[in-house]
Amino acid sequence: MISNVPVSANRMLASLPPDVLTAVVDRARPDTMAQGRVFAQPGDVASQVHFVTSGAISLVTVLQDGDCVEAGMVGREGALGAHAVLTGLGAFTRAICQVDGTILTIDAAAFRLLIETRPDARIMVDRYVEGAANQAQQAIGCRAWHQIEHRFCRWLLTACDHAGKDRINLTQEFMAHMLGVNRSTVSAIAGKFKTEGLIRYSRGQIGVKDRPALEASACECLGAIRRRWDVMWGPDIA
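238 is the number that full-length UniProt numbering gives the last residue of the sequence shown; the numbers go up by one with no jumps.
Take a look at the structure:
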């Protein structure tokens, strides 16, 4: 257990046979993460793998002028650095905690040894890489074609699902960066959905009030990504 969160809350780890799961846990240590914690900057070489058991980590593309936008999200379906420690390549994006939570951390050398000696662990990583690529592919279409209101709903629901609760600490400015829009746009959307009774919103916190209505307002990418992770790991029962 990690702060009352079971290791099996991470869907990657839950997919492993018991003996391989034990081998991972024996070499790992629990940790917490707070919003804003930076795990990696572009170019950093991964020295650890972080399995998310609650909360979420954003993978942020940083442009030359300093602007940034979320390129991906790592939650309970995955791990930060799982593939990077095998390639030895530097990070392409900034990895920053988006939603407070808990992680299970294992050193790169220990993880590489597990991959080399436990075929099931290697299969787990390969499946995650495929799922993350599929998620990124879906996100390209989402940003190109879907209205910001629908993307807002999808993003909030995904973040709350990763956190394991319907209310999270989040500022408008942080969410605007993740969605690649102005803060005023996020403020207007949040105000609209609060008035309509879909969300709860106060300074520094946002949450889901009417989940069915919010899911109905989200773009199709919410369901597409959920279904893809179910294919990879089986139904989410955490």
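C-beta: ideal position from N, C-alpha, C; glycine also. These numbers come from a predicted model, not from an experiment.
Residue 215 and residue 199 have their C-alpha atoms roughly 11 Å apart.
According to DSSP, residue pairing for residue 167 in a beta bridge involves 207. In terms of Cα proximity to residue 226, the closest of 122, 69, 157, 205 is 157. Annotated as proximal: residue 131 and residue 77, with beta-carbon spacing under 8 Å. Taking the Cα of residue 81 as reference, the smallest distance to any Cα among 71, 106, 193 is reached at 106. Note that the stretch 121-137 does not touch the stretch 147-162; fewer than 3 beta-carbon pairs, one per stretch, sit closer than 8 Å.
8 Å or more divides the Cβ of residue 35 from the Cβ of residue 138. Within its own chain, the residues whose Cβ lies closer than 8 Å to the Cβ of residue 206, once the five positions on either side in sequence are excluded, are 156, 167, 168, 170, 175, 190, 199, 200, listed in chain order.
Its chain contains 118, 120, 121 as the residues whose beta carbon lies nearer than 7 Å to that of residue 20, once the 5 sequence neighbours on both sides are disregarded; these appear in chain order. Residue pairing of residue 68 in beta bridges, as defined by DSSP: 62. Between the stretch 41-51 and the stretch 85-97 there are three or more inter-stretch CB-CB distances shorter than 8 Å, so the stretches are counted as touching. Here DSSP, grouped into helix, strand and coil, assigns residue 79 to strand.
Cα atoms of residue 208 and residue 197: separation of roughly 9 Å, rounded to the nearest angstrom. Exposed is the label assigned to residue 64, since fewer than 16 other Cβ atoms lie within 10 Å of its Cβ. The Cβ atoms of residue 153 and residue 218 sit closer than 8 Å to each other.
Assigned with DSSP and collapsed to three states, residue 131 falls in helix. Nearest to residue 136 by alpha-carbon distance, out of 115, 72, 181, 55, is 72. Within the model, the alpha-carbon separation for residue 127 versus residue 83 is close to 11 Å. Residue 96 is a Cβ neighbour of residue 38, given a cutoff of 8 Å.
Its Cα nearest to that of residue 102, the residue 79 stands out among 202, 109, 79, 85.
The beta-carbon distance between residue 59 and residue 74, rounded to whole angstroms, is 7 Å. This is short enough to meet the 8 Å contact definition.
Inclusion of residue 9 and residue 54 in the CB contact set at 8 Å is warranted, their separation being smaller than that value. Rounded to the nearest whole angstrom, the CA to CA distance from residue 182 to residue 17 is 45 Å. Distance from the CA of residue 202 to the CA of residue 116, rounded to the nearest whole angstrom, comes to 48 Å. Linking residue 113 to residue 123 through their CA atoms gives a straight-line distance of about 14 Å.
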